[in-house]
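Going by our numbering, the first residue of the sequence shown is number 79, and it counts up by one from there.
Just so it is clear, CB atoms sit at the ideal spot from N, CA and C, and this is done for glycine as well.
These figures come from a predicted structure and were not determined experimentally.
Okay, structure first, notes after.
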Amino acid sequence: ATEDKALITLFGATGDLAKRKLYTSLFKLYQKGYLADHFALLGTSRHEMSDEEFQEMVLNSIKDIPAKDGEAEAFSKHFFYCAHDVTKPEHYAKLKDRLTELDKQFGTEGNRLFYMSMAPQFFGTIAINIKKQGLLTDDGYNRLVIEKPFGRDFDSAKKLNDELSQTFEENQIFRIDHYLGKEMVQNIQALRFGNPVIEALWNNRYIDNIQVTLSEKLGVEERAGYYDNSGALRDMVQNHIMQVVAQLAMEEPVAFTDDDVRVEKIKALRSLRVYTPSQAAANFVRGQYGADGSQPDYRHEDGVDPESGTETFVAAKLMFDNYRWSGVPFYVRTGKKLADKFTRIDVVFKKPLIDIFANPNSGNEQALHSNVLTIFVEPKSGFALQLNAKHVGQGYTTEPVDLKFLQSDSAKKESPEPYERLFHDALEGNHTNFASWAEIAYAWKFVDVIRNLWDIEKPQFPNYTPGSMGPAAATELLARDGRKWVYDL
Ligand code: NAD
């Protein structure tokens, strides 16, 4: 591996995300040699702490990762700490001095990566101060990695983006959407653009509909305060689902580079039909989970408003108005307390125009099933193609069979976690797996119509049972088009 030389400034260094994901990801990059002698991280938060105490904290976060003797300790010596209140401009002077020192000490050649892992209301302030207080370098690169959520509607996202833009150019900003770090989400493009048998059929002549399901088994857990203010539409649909759908819908990029992929994803999202309020009402379903035995319903979870109208489930029908997809619905759904935890994509092909195996005399109107390509994103990773085949035996009946590829456990173990992959991409300056401003803007404009509608009309909640696949209206959404969810109970 080639070493990435970088000086990382982490805002929110004592936070949950930093401890659970960021230090472990950096350690794995260190073990693989992507990070070596020439990197350092300056952690900041409001707490007072010495460098040694911070190094202890980092060691503690990575203690479960198998390592060579002394490896973890050597890694931790690249970590330094500076107490700092991001809202106080005068505090940035200390940061500036330490960054100058660390740059010299570790020979990071002026490469600076700023990582914002804090409450989003601080993102704009930090960006503005980074420039004003002179934390940018003139030698290497200046990059910003920023956590979600990116705004709560188009206007707030635009305001945030304008603030970031005062300091960073679009090609210096890396907006994290951890779904884009998942192996099988990245595999969508290999599957589509690496296989003529798939790409040749990837259009409205052969595809009947596409279904995307991001299903969670757990309820709101300890994130209630955040979640009740956000809801599934903002938390899952605007970002993760839109990004997955854009990859399914996009045209083939000119080359597999970040710029070329971006252009196509933006074009795809630009052709997504923005609904009028009445179309939105017809094409979106919301839900909130009810009680389950001793488990409370959503409104009685700790930290949730007892009259909350927040949705814990969304199902929707999306339409792209372009030549490839005209007439093909993309059905998407996501929710908490559903039957199981998994993410999958089902591509349902059109039925054969003529079914020569049907035998109406014996009451068999239709023998052939639709071909379905399923992409298993998680927990299992792989894909399956459902075809029609002859049933073994004397007679002649057909039955659906699966051609299936699942990644082995050992391959899965070797596959980097999303945060490790995305951190590395940011260090390499590769934008392929990050959302651009234009994509986020289109996604918000689409979602805002639904949000505004739902904020006005009081929902009839709760409306689905834990362990189900959501409210009856989600089934009805497809049934009225004569279709059904491929994954159903
Ligand atoms: P957290 O509340 O655990 O940590 C926040 C950090 O900010 C702490 O280090 C705190 O000391 C620091 N901080 C707060 N106010 C400050 C101030 N005025 N000046 C300096 N430091 C201050 O948050 P988290 O869960 O780690 O989340 C961080 C970001 O990552 C958020 O944007 C969140 O939405 C996002 N995120 C978190 C998770 C997760 O699993 N925790 C998952 C996805 C995205």
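Problem - Residue from 236, 496, 256 whose Cα sits closest to the Cα of residue 518 - result: Walking along the sequence shown from the start, residue 518 turns up at place 440. Ranking the options by Cα distance to residue 518, first place goes to 236.
Exercise for the section: Return the chain-ordered list of same chain residues with a C-beta closer than 6 angstroms to the C-beta of residue 103, the five sequence neighbours on each side being excluded. Expected result: Here residue 103 refers to the residue found at position 25 when the sequence shown is read from its first residue. Answer for residue 103: 497, 498, 501, listed in chain order.
Practice task
Return the first residue and the last residue of the alpha helix (DSSP H) that residue 328 is part of.
Solution key: The residue you call residue 328 lines up with position 250 of the sequence shown. Per DSSP, residue 328 belongs to no alpha helix (DSSP H) and is neither H nor E.
Exercise for the section: Taking only heavy atoms of the ligand NAD into account, decide whether any of them is closer than 8 angstroms to the Cβ of residue 306. Expected result: What you label residue 306 is simply residue 228 of the sequence shown in a count that begins at 1. No, the ligand NAD has no heavy atom inside 8 angstroms of this Cβ.
Problem - Simplified DSSP assignment, three categories, for residue 118 - result: For the purposes of this step, residue 118 is taken as the residue at position 40 of the sequence shown. Residue 118 falls in the strand class under three-state DSSP.
Practice task
With a threshold of 8 angstroms, establish whether the CB of residue 24 neighbours any heavy atom of the ligand NAD.
Solution key: A query on residue 24 cannot be resolved here, the shown segment of the chain reaching from 79 to 567 and no further.
Exercise for the section: Using DSSP bridges, identify the partner residues of residue 123. Expected result: Along the sequence shown, read from residue 1 onward, the residue named residue 123 stands at position 45. The partner list for residue 123 (beta bridge, DSSP) reads 161.
Exercise for the section: Count the other C-beta atoms from every protein chain shown that fall within 10 angstroms of the C-beta of residue 122, then say buried if there are 16 or more, exposed otherwise. Expected result: If you number the sequence shown from 1, residue 122 lands on position 44. Here residue 122 is buried: its Cβ has 16 or more other Cβ atoms, across all protein chains shown, within 10 Å.
Handout entry: Own chain residues within Cβ distance below 6 angstroms of residue 475, not counting five before or after
Key = Reading the sequence shown from its first residue, position 397 is the one you call residue 475. Only 469 meet the Cβ criterion.
Practice task
Note down, one range per segment and in chain order, each beta strand (DSSP E) of at least 3 residues found wholly within the region 376 to 448.
Solution key: 391 to 396, 408 to 413, 420 to 427
Handout entry: Option nearest residue 269 by Cα separation, candidates 330, 287, 229
Key = Here residue 269 refers to the residue found at position 191 of the sequence shown. Taking only the C-alpha atoms, the option nearest residue 269 is 330.
Handout entry: Residues near residue 248 in its chain [Cβ-Cβ closer than 8 angstroms; skip 5 each side]
Key = On the sequence shown, residue 248 is found 170 positions in, with the first residue counted as 1. The residues are 514, 515.
Handout entry: Continuous beta strand (DSSP E) stretch holding residue 193: start and end
Key = Here residue 193 refers to the residue found at position 115 of the sequence shown. Residue 193 -> beta strand (DSSP E) spans 190 to 194.
Exercise for the section: Go ahead and pull the three-state DSSP assignment for residue 133. Expected result: Your numbering for residue 133 matches position 55 in the sequence shown. Residue 133 falls in the helix class under three-state DSSP.
Problem - Nearest neighbour of residue 120, chosen from 306, 139, 192, 114 [CA to CA] - result: Residue numbering aside, residue 120 sits at position 42 when the sequence shown is read from its first letter. Of the candidates 306, 139, 192, 114, the one whose C-alpha sits nearest the C-alpha of residue 120 is 192.
Exercise for the section: Identify which residue in 566, 150, 156 has its Cα closest to the Cα of residue 424. Expected result: Counting from 1 along the sequence shown, the entry for residue 424 is found at position 346. Among 566, 150, 156, the Cα nearest to that of residue 424 belongs to 566.
Practice task
May I ask which residues mark the beginning and end of the alpha helix (DSSP H) holding residue 180?
Solution key: Position 102 of the sequence shown, counted from the first residue, corresponds to residue 180. First-last of the alpha helix (DSSP H) with residue 180: 170 to 184.
Problem - Bridge-paired residues (DSSP) for residue 85 - result: Here the question's residue 85 lines up with position 7 in the sequence shown. According to DSSP, residue 85 bridges with 118, 190.
Handout entry: Top-ranked residue by Cα proximity to residue 368, from 232, 360, 390, 273
Key = Reading the sequence shown from its first residue, position 290 is the one you call residue 368. Considering only alpha carbons, the answer is 390.
Handout entry: Straight-line gap, residue 542 to residue 461 (C-alpha atoms, nearest Å)
Key = Along the sequence shown, read from residue 1 onward, the residue named residue 542 stands at position 464. Along the sequence shown, read from residue 1 onward, the residue named residue 461 stands at position 383. Approximately 30 angstroms between the Cα atoms of the pair.
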